[in-house]
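Asker: Next up is a structure, given as structure tokens.
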Amino acid sequence: VPQNAIFATKRLPCRYAIVITVEMDKAAIDMAPSFETFLEVAKGYRRLAAISNWVARRLRRAGFAGYPGTALGGLTDYPHLAELAGLGAIGYHGLLISPDGGARLRINTIYTNIENLPLAPLGDHAWVRDFCSRCRRCVRECPVDAIYDQPRPRADGGMRCIEHDTCREYFDRNFGCAVCLAVCPFSVKGYASIKSRFMGNPDAPRFTIP
Numbered sequence: 034v035p036q037n038a039i040f041a042t043k044r045l046p047c048r049y050a051i052v053i054t055v056e057m058d059k060a061a062i063d064m065a066p067s068f069e070t071f072l073e074v075a076k077g078y079r080r081l082a083a084i085s086n087w088v089a090r091r092l093r094r095a096g097f098a099g100y101p102g103t104a105l106g107g108l109t110d111y112p113h114l115a116e117l118a119g120l121g122a123i124g125y126h127g128l129l130i131s132p133d134g135g136a137r138l139r140i141n142t143i144y145t146n147i148e149n150l151p152l153a154p155l156g157d158h159a160w161v162r163d164f165c166s167r168c169r170r171c172v173r174e175c176p177v178d179a180i181y182d183q184p185r186p187r188a189d190g191g192m193r194c195i196e197h198d199t200c201r202e203y204f205d206r207n208f209g210c211a212v213c214l215a216v217c218p219f220s221v222k223g224y225a226s227i228k229s230r231f232m233g234n235p236d237a238p239r240f241t242i243p
């Protein structure tokens with residue numbers, strides 16, 4: 034786990050992590066923001082908890098450390114770790130975009146002391162960020178304009194695309210929102226469909242959002 038994926042003031046029980054995802058039901062997510070969407074997100078977290086606890090128990094039985102992460106109040110940036118694990122790419126809305134479910138995913142980690150876990154660079158998923166640089170649907174559809182039209186610099190030298198305080202306030206008052214997740218073309222059309230069209234387009238941009 035790289036240091037820049039660990040939240041400030043947090044410490045990890047182990048410096049290595051296994052990342053898992055579960056896909057959420059499209060029909061429920063399409064209703065965002067709604068109680069039905071909120072319930073589907075909660076179901077996703079429940080499935081993750083069951084899987085994470087099962088994996089952690091198996092690791093401990095095999096003699097390794099196994100500490101499942103939590104859905105809220107976690108220690109690390111889950112989309113960042115999922116991207117490093119080769120599960121997909123982080124989209125402009127800050128969510129992981131994966132061949133399995135597009136952006137309709139929940140993510141969790143199991144911290145362990147296994148040191149030779151596989152890492153994968155963006156590789157085949159790098160084109161997703163190029164697509165996002167042209168799409169911007171999440172920017173247009175955000176009900177409180179919390180997603181910037183252009184990335185803005187952070188104090189640490191990185192870039193950010195989301196005004197988190199604005200997002201969080203609306204999120205807290207509207208069943209966890211999830212509008213950006215629902216309208217993302219990768220959730221609507223599917224990863225494979227978009228890739229086949231975008232990668233075959235000679236005019237597709239060849240740059241990546243920082």
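So the sequence shown is numbered by the numbering used here: it starts at 34 and just counts up by one. Using N, Cα and C, we set each Cβ at its ideal position, and we do this for glycine too.
Measure the alpha-carbon distance for residue 225 versus residue 157 and round it to whole angstroms.
Answerer: In the sequence shown, residue 225 corresponds to position 192, counting from 1. In the sequence shown, residue 157 corresponds to position 124, counting from 1. Answer to the nearest angstrom: the Cα atoms are 12 Å apart.
Asker: Can you find the residues in the same chain that come closer than 6 Å, C-beta to C-beta, to residue 110, ignoring five residues on each side of it along the sequence?
Answerer: Reading the sequence shown from its first residue, position 77 is the one you call residue 110. For residue 110, where only same-chain residues beyond five positions count, the Cβ hits under 6 Å are 38.
Asker: Whole angstroms are fine: how far does the CA of residue 170 sit from the CA of residue 177?
Answerer: Mapped onto the sequence shown, residue 177 falls at position 144. Mapped onto the sequence shown, residue 170 falls at position 137. Whole-angstrom Cα-Cα distance: 14 Å.
Asker: So, with DSSP's three-state summary, where would you put residue 129?
Answerer: Taking the sequence shown and counting its residues from 1, one reaches residue 129 at position 96. Note: residue 129 maps to strand in three-state DSSP.
Asker: Could you give the distance in angstroms between the alpha-carbon of residue 204 and the alpha-carbon of residue 215?
Answerer: Looking up residue 204 in the sequence shown gives position 171. Looking up residue 215 in the sequence shown gives position 182. Rounded to whole angstroms, residue 204 to residue 215 spans 14 Å at the Cα level.
Asker: If distances are taken between C-alpha atoms only, which option among 181, 51 and 63 comes closest to residue 87?
Answerer: The residue you call residue 87 lines up with position 54 of the sequence shown. Answer by Cα proximity: 51.
Asker: Residue 166: which of 199, 134, 124 and 195 sits nearest, CA to CA?
Answerer: Here the question's residue 166 lines up with position 133 in the sequence shown. Residue 166 has its Cα closest to that of 124, out of 199, 134, 124 and 195.
Asker: Are the Cβ atoms of residue 74 and residue 173 separated by less than 8 Å?
Answerer: By one-based count along the sequence shown, residue 74 stands at place 41. By one-based count along the sequence shown, residue 173 stands at place 140. Against a cut-off of 8 Å, the Cβ pair of residue 173 and residue 74 comes out as no contact.
Asker: What is the residue span of the beta strand (DSSP E) that residue 199 lies within?
Answerer: For this step, residue 199 is matched to residue 166 along the sequence shown. Where residue 199 is concerned, there is no enclosing beta strand (DSSP E), although the alpha helix (DSSP H) it sits in stretches over 197-206.
Asker: Inspect the CB distances between the region 42-60 and the region 190-200 and report whether three or more fall short of 8 Å.
Answerer: No, the region 42-60 is not in contact with the region 190-200.
Asker: Can you say whether residue 232 is buried or exposed, counting buried as having 16 or more other CB atoms within 10 angstroms of its CB?
Answerer: Looking up residue 232 in the sequence shown gives position 199. Classification for residue 232: exposed.
Asker: To the nearest angstrom, how far is the alpha carbon of residue 80 from that of residue 196?
Answerer: Numbered from 1 along the sequence shown, position 47 holds the residue referred to as residue 80. Numbered from 1 along the sequence shown, position 163 holds the residue referred to as residue 196. Looking at the two C-alpha atoms, the distance is approximately 29 Å.
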